[in-house]
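Line by line, the protein sequences give chains A and B. In terms of my numbering, the first sequence is residues 204 to 490. In terms of my numbering, the second sequence is residues 3 to 333. All residues carry an ideal CB built from backbone N, CA and C; glycine is no exception. Let me begin by presenting the structure, written as structure tokens, before commenting on it.
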Amino acid sequence: MIAELYEDKLKDLQQKAEEARELLMKTLLEAGSGHSAGPLDMADIFTAFYFHILNHDPKNPDWEDRDRLVLSNGHICPIRYVSMAQAGYFPIEELKTLRKLNSRLQGHPHRTALPGLETTSGPLGEGVSQAIGIALAANLDKKKYYTYVVTGDGELNEGNIWEAVMFAGKNKMNNLIMIIDRNNIQIDGFTENVMPLEPLKEKFEAFNWHVFEADAHNIKQFVDVVNEAHAVYEKPTVIIAHSIAGKGVEFMEKDFHWHGKAPNKEEEKEALHELRTLGGKIRSEHQ
Amino acid sequence: MLNDKFKLNKKLFTEDVEKAPTRAGFGTGLLALGEMNPNVVALSADLTESTQVHLFAEKFPERFFQAGIGEQNMAAIAAGLAVTGKVAFISSYATFSPGKNWETLRTTAVYNEANVKIAGHHSGIMTGPDGATHQATEDIAITRCWPIIQIYVPCDSIEAKKATIASADISTPVYLRYTRDKTPIITTEETPFEVGKMQDFWVSKNPQATIFATGYMLYYALVAAKELEEEGFEVLVVNAATIKPLDEEGIMRFTGHTGAVVTVEDHQVAGGLGSAIAEFLAKTNPLPMEFVGLQDTFAESGSPTELLKKYNMDVPAIKKAVKKVIKRKEH
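Following this line, the structure appears as structure tokens:
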């Protein structure tokens, strides 16, 4: 059961999310490369997870009754690292080591490198299956924890995702909650141009999942939706979290309206490049 | 002659030698593990009976998971189970697992150091009439290049059961390679099995070459050794049931006095047992070597016997390779 989210706690979370974005910018600039859009747009949700939703203990990361948060789209790990540092899994100072030699903060998350990571991820499409395995183990061990898995939206191009979605639907896995970062972009452009996902809600419903939609930047609403998801007993649940790529960085938000009409090809390319390089300040991952 | 200390099957060279597929040893080994360890779970990708997982599935239905025809999903679910304290066995034809799901296994099982055991079935041209699509002939190569993984290739059904059970002794990934067709029983229940140890099943007074064989091909290597002896050629035949970790000390011991090597495997010669031994000998004690296996080609449909003959992997081919390597040594 997730605790009631009172007004003062909500303000505290919103403040934490802002701090997370600041830390993210510093961390990415220090690293000099990596992904920026996804981590920024997931800052509110990761803050909600680490400071309100998850039943966890940063001082005892292997606690066997903890809720599991699996990150499938491993490339957005900077936000996970930032949230973990804020929550006390490791010193904030260590964020400076991201992507550097001898660091525990690998460019894509590696489970055995850093306590508190549940899986190794990066190659897309594998996280939902891994989360299913963890949730199956919970059933075998008669444990009550929830397994949450965050995926990208472009990642849904991967066939493995739908193998996993079929499996979870078949097995009515009500201890599994999937969150899709629906930011509408992937490396080569807009998701609906590269490989259309819509109608996404109907796709999941057809696979016997319960579907919620949420605003990825409204912490209160997201927590409410997760609470509702806990009440779904007969199916696995997916939360399609609509996000704004680059949320919180003025030029990113101001200049590009990712939810609006697609710009022309050249503008699309330029806008994505700007977004991924923090306006030319870092090297884009797939440059 | 057969090495007494290994208590091998006395009927080995007789017409009525017992035969069983190594996959049967996997099925009974997995069942035994299920009884020994409540954390053992098994997954199948719609090939439950063919890969002999049905024995486990029938006994422990709550610990068996049907993934359908989705080998990537099966692999990553197993990884999730494994990081949560389970010993997860996944089972399919080796062309699909670790073939089709290679990167999924690399990331979620191997690099992740998850306790996943990969059972690859229908290995080699011994798979026969199904044709090259279903004959896994590169699976050792694509797993041997992974760090962390261990690779066991049992020579018969009895050793297959022992290898399956032994794979659960470590908490990191193991690749287990099995074959479909019935093959002669070489060992007995009394034959010792130790991971990472090569065994000289055939010994002679003054061996002129060492044959390293892996999997059921060991039988043909032993028959070749017997026939060669009758023709006046003395050899050693070594059972290489563990490909990784490679028994480097064993290789040195078994080749030091022979000075020539023939490797025998139902696999592409590129990247398999022969390559592993050549890589090691090249840096320690370079020797003339011959490689019996698939010579950079895909095979085809046919009976196993026909295929072994056509692709130069039968007893005459092994004997020819031995004579050739001994001749090369003399120059």
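- Annotation: the continuous alpha helix (DSSP H) that includes B/Ile-279 extends over 275 to 286.
- Rounded to the nearest whole angstrom, the C-alpha separation of A/Gln-218 and B/Asn-103 is 43 Å.
- Proximity of chain B to A/Ala-316 at the Cβ level (cut-off 9 Å) is not reached, the minimal Cβ distance being about 10 Å.
- If you compare the alpha carbons of B/Arg-182, B/Ile-150 and B/Ala-242 with that of B/Val-266, the shortest gap goes to B/Ala-242.
- When C-alpha distances from B/Arg-179 are compared across B/Thr-190, B/Ser-46, B/Ile-279 and B/Gln-152, the shortest belongs to B/Gln-152.
- For A/Met-369, the closest C-alpha among the options A/Tyr-348, A/Val-331, A/Asp-391 and A/Val-397 is that of A/Val-331.
- Buried is the label assigned to B/Pro-100, since at least 16 other Cβ atoms lie within 10 Å of its Cβ.
- When DSSP assignments are scanned along the segment 59 to 89 of chain B, the uninterrupted stretches of alpha helix (DSSP H) that are 4 or more residues long and fall wholly within it turn out to be 73 to 84.
- A/Met-204 counts as exposed, since fewer than 16 other C-beta atoms from the protein chains shown sit within 10 angstroms of its C-beta.
- Only those residues of the segment 97 to 130 of chain B whose C-beta falls short of 7 Å from the nearest C-beta of chain A are listed: Glu-105, Thr-106, Thr-109, Thr-110, Tyr-113, Asn-114 and Glu-115.
- Between A/Ile-383 and A/Asp-356 a beta carbon distance of about 6 Å is seen, short of the 8 Å cut, so the two are scored as contacting.
- Chain-ordered, the chain A residues with CB closer than 7 Å to the CB of B/Leu-83 read Gly-336, Leu-339 and Ala-340.
- Between the alpha carbons of A/Lys-404 and A/Ala-417 lies a gap of roughly 12 Å.
- In this structure, B/Leu-14 places its C-beta atom within 9 Å of the C-beta atom of B/Ile-187.
- Nearest in C-alpha terms to B/Lys-322, of all of B/Gly-126, B/Val-118, B/Ile-213 and B/His-259, is B/Ile-213.
- Closer than 9 Å to the CB of A/Gly-355 there is not a single CB belonging to chain B.
- Nearest to B/Ala-90 by alpha-carbon distance, out of B/Glu-115, B/Ala-96, B/Glu-105 and B/Thr-97, is B/Glu-115.
- The closest CA to that of B/Asp-268, considering only B/Lys-88, B/Thr-174 and B/Asn-314, is found on B/Asn-314.
- For A/Trp-266, there is no enclosing beta strand (DSSP E), as DSSP gives it neither H nor E.
- Under DSSP, B/Thr-185 shares a beta bridge with B/Ala-22.
- Using a CB distance cut-off of 9 Å, A/Thr-322 counts as an interface residue toward chain B.
- Taking the Cα of B/Lys-164 as reference, the smallest distance to any Cα among B/Glu-233, B/Thr-30 and B/Glu-105 is reached at B/Thr-30.
- Judged by DSSP secondary structure, B/Lys-246 falls within the beta strand (DSSP E) whose first and last residues are 244 to 246.
- Sixteen is the threshold: since fewer than 16 other Cβ atoms of the shown chains lie within 10 Å of the Cβ of A/Ala-206, the residue is exposed.
- Note that the C-beta distance between A/Gly-237 and A/Arg-302 is below 9 Å.
- Contact with chain A is absent for B/Ala-170, since none of that chain's Cβ atoms lies less than 9 Å from the residue's Cβ.
- B/Ala-284 counts as exposed, since fewer than 16 other beta carbons sit within 10 angstroms of its beta carbon.
- At the C-beta level, A/Tyr-351 and A/Ala-371 stay beyond 9 Å of one another.
- Contact between A/Tyr-436 and A/Asn-377 holds, since their C-beta atoms are separated by about 5 Å, short of 8 Å.
- In the three-state DSSP reduction, A/Val-285 falls in the helix class (H, G or I).
- One thing to note: B/Asn-117 has its Cβ no nearer than 9 Å to the Cβ of B/Pro-23.
- Within 10 angstroms of the beta-carbon of B/Gly-217 lie 16 or more other beta-carbons, which makes it buried.
- Taking the Cα positions, A/Asp-211 is about 13 Å away from A/Ile-422.
- Contact between the segment 313 to 324 of chain A and the segment 52 to 72 of chain B is absent, with fewer than three C-beta pairs closer than 8 Å.
- Remark: fewer than three beta-carbon pairs, one from each stretch, lie closer than 8 Å, so the segment 221 to 239 of chain A and the segment 262 to 269 of chain A are not flagged as touching.
- When CB distances to chain B are screened at a threshold of 9 Å, the residues of the segment 366 to 399 of chain A falling below it are Glu-366, Ala-367, Met-369, Phe-370, Lys-373 and Asn-374, in chain order.
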